[in-house]
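In the UniProt record's numbering, the protein residues as written are 1 to 185. Comments concern the structure below.
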């Protein structure tokens, strides 16, 4: 996983050094990789908090779009207490998880304490089947930039295939009379 991610930045040498700490998957690269995976949930939490703040600030309290004040749900106490109820439920579930380790994926799993080896992927990490085409495309070319260009071309061809299937009834309808007029001649 980390090798494929580091390969994506090889087209800009200075970017590799700044973002990943070098060209090999070593300790600085793995530290940045783990820090990114640690910080990302907090970034998402901040985005959710900002979203809730602006959602409540701009008054999402009129679900029936009524003009009369009878149909307007009051922000306080209804919405605030429903948010507090969900936040309390979330903290209770997380507290149970941290205390008892109900989900062994996060605690007590021996695979989480394996020392990272940059030269060998652990056996329990298996690439997803839907990404194997992209892995093969990246490994096919010796130059990282040409591999990225080929991967972009592969993505474009997949998009074209999907769009051509979506547009085929329209194209068939447009060219129907033209094709039959050519055949009849």
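Cβ coordinates follow ideal geometry from the N, Cα and C atoms, glycine included. Fair warning: this is a prediction, and the values are worked out from it, not measured in the lab.
The alpha carbon of residue 83 has as its nearest neighbour, out of 96, 139, 133, 49, the alpha carbon of 49. In this structure, the straight-line span from the alpha carbon of residue 13 to that of residue 160 is close to 31 Å.
Here residue 117 carries a coil assignment [DSSP, helix/strand/coil]. In the structure shown, the three-state DSSP call for residue 162 is helix. The beta carbons of residue 11 and residue 154 sit about 16 Å from each other, so the pair does not count as a contact at 8 Å. Taking a 10 Å sphere around the C-beta of residue 86, we find fewer than 16 other C-beta atoms and assign the residue as exposed. In the three-state reduction of the DSSP assignment, residue 126 falls in the coil class, being assigned neither a helical nor a strand state. For residue 151, the CB contacts under 8 Å within the same chain, skipping 5 residues up- and downstream, are 134, 137, 138 in chain order.
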